[in-house]
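Numbering (the numbering used here), first residue to last: 45 to 378.
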Ligand code: BTN
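Put into structure tokens, the structure is as follows:
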């Protein structure tokens, strides 16, 4: 971690002034290095005042998701396995590469912008600079894919809890794992699994979360403007992306810990996530179009099963548990 990130972390944690000497002692670096870091931070837009005999105080900073900002909410040790890049093709692709090279569970990759952000079912995910959160988290559960059944639903709940802890109100969940505020999508989850061919054992799971945080709805591409939105638009105020990232890290750490314990502990945690998922569900009782492969059928969503599957009563007869694919919520007369 760079000295300027550490200096920023200490300044953010402090309500009062912090002397240059105190910072250099805490970080084990020279006073000159502290001065240099403050200079660099100021050139990046941070307003840091300095008063003789008192030291430095941070009065304002831009909305960035760098390690310095995250250090205000997470320990330095936790931040050591968080990688922040200015621009990447996709944080999921980058983390997959790191996982193949042996990165430990809990590694997080973040980017201010993605060139080729990926969504579910081969779609792209709009990832402009400085507006959203593009977050990937590495899990290394033991066992076969059956061990992690329901995981993506749990991730949606974890993301929902993170948003609620910062914004004060919890988004809804649209099956299978989109977060909705006022009937518009503000976040999506893309979970990618690597399985060993021979044994069928899970090697690792990359959980990708994309969250539209700041900016107006009319800044979104035309093709998603009617169905998607941002937290700022829906709450009529901007949010600190760093605070949201820190909350996501905490919630994902809690989920990962429960998952890696396995057995009854995981089963109990799963029940908690499932109950919250059902509470947050915005789909049951609504007309839906179920899209999978080349088929599309209309029906009514009935309930969320114990494995997070969706039971649908189809117009063409019969009820089925839907476990894969996608749904779109339809107007009542469709
Ligand atoms: C969806 O809504 O279809 C899922 C969107 C997932 C987007 C996130 S952004 C971080 C991570 N990196 C990616 O390329 N995709 C996921």
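All residues carry an ideal CB built from backbone N, CA and C; glycine is no exception.
Pick helix, strand or coil for residue 317, following the three-state DSSP scheme. helix
Within the present structure, is the beta-carbon of residue 340 separated from the nearest heavy atom of the ligand BTN by less than 6 Å? no
Leaving aside the five residues before and after residue 116 along the sequence, list all residues of the same chain whose C-beta is less than 7 Å from its C-beta, in chain order. 53, 56 and 57
Roughly how many angstroms separate the alpha carbons of residue 295 and residue 218, rounded to a whole number? 19 Å
First and last residue of the beta strand (DSSP E) that includes residue 130? 126-132
I need the boundaries of the alpha helix (DSSP H) containing residue 67, first residue and last residue. 64-71
On the criterion of 16 or more Cβ atoms from any shown chain inside 10 Å, does residue 132 qualify as buried, or is it exposed? buried
When the Cα atoms are used, what is the spatial distance from residue 80 to residue 129? 22 Å
When DSSP labels each residue in this structure, what does residue 264 get in the three-state scheme? coil
In terms of residues, what are the limits of the beta strand (DSSP E) holding residue 286? Residue range 285-305 is occupied by the alpha helix (DSSP H) that includes residue 286, with no beta strand (DSSP E) assigned at that position.
Own chain partners of residue 352 with C-beta closer than 6 Å, once the 5 adjacent residues on each side are dropped: The residues are 194 and 197.
Using a threshold of 6 Å, is the CB atom of residue 169 nearer than that to any non-hydrogen atom of the ligand BTN? yes
Under a three-way DSSP split, which group does residue 34 fall into? Examination of residue 34 is not possible in this model, given that the chain is present from 45 through 378 alone.
Residue 99 and residue 134 closer than 7 Å at C-beta: no
Unbroken beta strand (DSSP E) run spanning residue 197, endpoints: Where residue 197 is concerned, there is no enclosing beta strand (DSSP E), although the alpha helix (DSSP H) it sits in stretches over 195-211.
On a Cα-Cα basis, can you pick out the residue from 269, 293, 371 and 308 that is closest to residue 114? If we check each option's Cα against that of residue 114, 293 comes out closest.
Would you kindly work out how many angstroms separate the C-alpha atoms of residue 259 and residue 77, rounded to a whole number? Cα-Cα distance, rounded: 36 Å.
Closest by CA to residue 90, which one among 222, 121 and 106? 106
Beta-carbon proximity list for residue 363, same chain, < 8 Å, skipping 5 on both sides: The residues are 346, 355, 356 and 357.
Closer than 6 Å: is that where the CB of residue 307 sits relative to any heavy atom of the ligand BTN? no
Nearest-angstrom Cβ-Cβ length linking residue 163 and residue 234, presumed shorter than 8 Å: 6 Å
Say yes only if the C-beta of residue 234 is nearer than 6 Å to one or more non-hydrogen atoms of the ligand BTN, and no if none qualify. yes
Report the residue from 74, 103 and 62 whose alpha carbon sits nearest the alpha carbon of residue 96. Among 74, 103 and 62, the Cα nearest to that of residue 96 is on 62.
For the region 242-250 and the region 176-184, state whether three or more C-beta atom pairs, one from each stretch, are separated by less than 8 Å. By the Cβ test, the region 242-250 is in contact with the region 176-184, since at least three Cβ pairs between them sit closer than 8 Å.
Looking at the unbroken alpha helix (DSSP H) that takes in residue 55, where does it start and where does it end? 47-57
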